[in-house]
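So the sequence lines, in the order shown, correspond to chains C and V.
For the first sequence, counting from 1, position 52 maps to 52 in UniProt numbering; every step adds exactly one.
For the second sequence, counting from 1, position 35 maps to 35 in UniProt numbering; every step adds exactly one.
Where a beta carbon is used, it is the ideal one built from N, C-alpha and C, also for glycine.
Protein chains: 2
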Amino acid sequence: MSTTPSARAPRRDATENREAILAAAKIVLNRDPKAPLEAIAAASGLSRRSIYAHFANRDDLLRELVSLGALRVASALDTVTHPDPLTRLALIASRLWHEVESVRVMAVLAVRGPLASDTGTALRSVRSSVREAISDGRADGSIRQDVPVDLLARLVEGAALGVLEEAARTPLPAEEGHRLVILMTLGAVGLGWREAGNFIDERPDLQWKDAD
Amino acid sequence: MSTTPSARAPRRDATENREAILAAAKIVLNRDPKAPLEAIAAASGLSRRSIYAHFANRDDLLRELVSLGALRVASALDTVTHPDPLTRLALIASRLWHEVESVRVMAVLAVRGPLASDTGTALRSVRSSVREAISDGRADGSIRQDVPVDLLARLVEGAALGVLEEAARTPLPAEEGHRLVILMTLGAVGLGWREAGNFIDERPDLQWKDAD
DNA sequence: AATAACTTTCACAACACTGTGCAAGTTATT
DNA sequence: AATAACTTGCACAGTGTTGTGAAAGTTATT
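What follows is the structure, encoded as structure tokens:
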């Protein structure tokens, strides 16, 4: 008679396997988002049947995967704080790229596809800080005023996603993508290309840093 | 013993039906791109079985639909000629919007989805004239020089598509979309927002004109 | 009015995949 | 070594769709 009603604790390898499945799914689905469970199972070293021991169904696995990713992204972006709205936006773009470039296909899918609403929930804070940066920038004149804030926020997101999509199709080097996503974000909010380029060059925080 | 080996000519209603199917597909698939043939059949007033009298299979229908659309777009855009590269780009964006805004979902799908290569073939001339405009604009200094021409061409396409995608999700008014797609295109090639806005305002060809 | 062209209806095979049941195996934990 | 936790393999039902076949009906064309 110990603490819990269950006679024994869950085995350690079980949780390891669970993560193996998620890891495999991340890789496999990033290559082909509608790969059958069989493929994921194979990549994880387990049988298809075993997946059902960890996830109720395919959708469950997908949702878990995406929302874990979204949470990771959100927590990485939530620490971005900077008085200048443009810099804030640029930093968000930059970190976003950093977080997501290794799972480009899935990332696009997570935001566009049918899981978009789950992703949306997890990224609510990010979206609202983009919106806020835009509306701040509008106020201080650093951001375009010819497009409504909300619409612009979505277009900015679209611009960043555009780079991501391009990067999902062709193997754009990570460093190039980094600069590009910032350039396009700044472009979307209204900066000219020289302005945007200088903006980046003048700010050390916006330079490319290789992975840890 | 007349001219052709076939004893009689194809019936007129047959070709009408064929077009009814295409028309129905256009509407139905634009609402749900993976709607079953049954749905298209219903919308066209025919039976599912009859579709197979006109198209070998689903893919065939899809391809026909998309490539007809692409041809229409291509022929509408091929008439765009203007000495100034920026204006040329803006005109392309503007006409593009005009041609596809009523089939936003399908348009996005045609360019992104698995039919992309067919679409690509039909739109080759468009793509190359975008590329040319960009490279001309680079030469005369009106377009950004910090991004390689080919990459920029794809990003410009992405920018336009971004507006289209936004427009596919939310019911963006046609007129607003018109201006937006030009603004974003010009933004992508490096113009600042005021520059882009003025650019449009100064040119009568770039103003919104309601449907015929 | 005759005839070929076209459509319909119903039935059915095929496919690719999901999700479940169960018996037999393997492995971590105690 | 005992036991619960986990995995496996196989079989199978279910689903939603595509594509075909064939007989019977309808309609444009001559």
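A residue is called buried when at least 16 other Cβ atoms come within 10 angstroms of its Cβ; S142 (chain V) meets this threshold and is buried. In this structure, the straight-line span from the alpha carbon of R88 (chain V) to that of V80 (chain V) is close to 7 Å. Chain C places no beta carbon closer than 8 Å to that of M106 (chain V), leaving this residue out of the contacts. Secondary structure at R11 (chain C): coil, using DSSP grouped into helix, strand and coil. DSSP places H178 (chain V) inside the alpha helix (DSSP H), whose first and last residues are A174 to A188.
C-alpha of R95 (chain V) to C-alpha of G190 (chain C): approximately 23 Å in a straight line. Contact with chain V is found for W193 (chain C), since one of that chain's Cβ atoms lies less than 8 Å from the residue's Cβ. For K209 (chain V), the closest alpha carbon among the candidates V:R194, V:T185 and V:G177 is that of V:G177.
Within chain C, the residues whose beta carbon sits less than 8 Å from that of E166 (chain V) are L151, R154, L155 and G158, listed in sequence order. Taking the C-beta atoms as reference points, A20 (chain C) is found nearer than 8 Å to G45 (chain C). Separation of K26 (chain V) and V147 (chain C) (C-alpha to C-alpha, rounded to the nearest whole angstrom) is 31 Å. Only those residues of the stretch 169-188 of chain C whose C-beta falls short of 9 Å from the nearest C-beta of chain V are listed: R169, T170, L172, E176, R179, L180, L183, M184, G187 and A188. Across the set V:A56, V:A139, V:A90 and V:A35, the C-alpha of V:A90 shows the shortest separation from the C-alpha of E202 (chain V). The Cβ of R11 (chain V) sits no closer than 8 Å to any Cβ of chain C. Here DSSP, grouped into helix, strand and coil, assigns T170 (chain V) to coil.
With a threshold of 8 Å between beta carbons, D146 (chain C) makes contact with chain V. Bounds of any alpha helix (DSSP H) do not take in H82 (chain V), whose DSSP letter is neither H nor E. Cβ-Cβ distances below 6 Å link A41 (chain V) to S47, R48 and I51 in the same chain, with the five nearest sequence neighbours on each side left out; the list follows chain order.
Within the stretch 108-133 of chain V, the runs of alpha helix (DSSP H) that reach at least 4 residues and sit entirely inside it are, in chain order, 116-122. Shown here, L206 (chain V) sits in a helix according to DSSP, grouped into three states. In the same chain as G187 (chain C), and ignoring 5 residues on each side of it, the C-beta atoms closer than 8 Å to its own belong to A159, W193 and A196, in chain order. Under the three-state reduction of DSSP, V28 (chain V) is assigned to helix. A distance below 8 Å separates the beta carbons of P85 (chain C) and D136 (chain C).
For G162 (chain V), at least one C-beta of chain C is nearer than 8 Å to its own C-beta. Chain-ordered, the chain C residues with CB closer than 9 Å to the CB of G197 (chain V) read R144 and D146. G141 (chain V) has a beta carbon lying at 8 Å or more from every beta carbon in chain C.
Proximity to K34 (chain V) across V:E101, V:V100 and V:L109 peaks at V:L109, based on C-alpha coordinates. The continuous alpha helix (DSSP H) containing I40 (chain V) extends over residues L37 to S44. In this structure E165 (chain C) is buried. Its beta-carbon is surrounded by 16 or more other beta-carbon atoms within 10 angstroms. Among the residues facing chain C, G190 (chain V) is included, as its CB has a counterpart in that chain under 8 Å away. The beta carbon of V111 (chain V) sits closer than 6 Å to those of T119, all from its chain and outside the five residues before and after it, given in chain order. The residue from V:A153, V:P10 and V:R138 with its alpha-carbon nearest to that of H54 (chain V) is V:P10. By a beta-carbon distance limit of 8 Å, R104 (chain C) contacts A168 (chain C). Their separation comes to about 4 Å. When the alpha-carbon of A56 (chain C) is set against those of C:A139, C:T121, C:T170 and C:L37, the nearest one is in C:L37.
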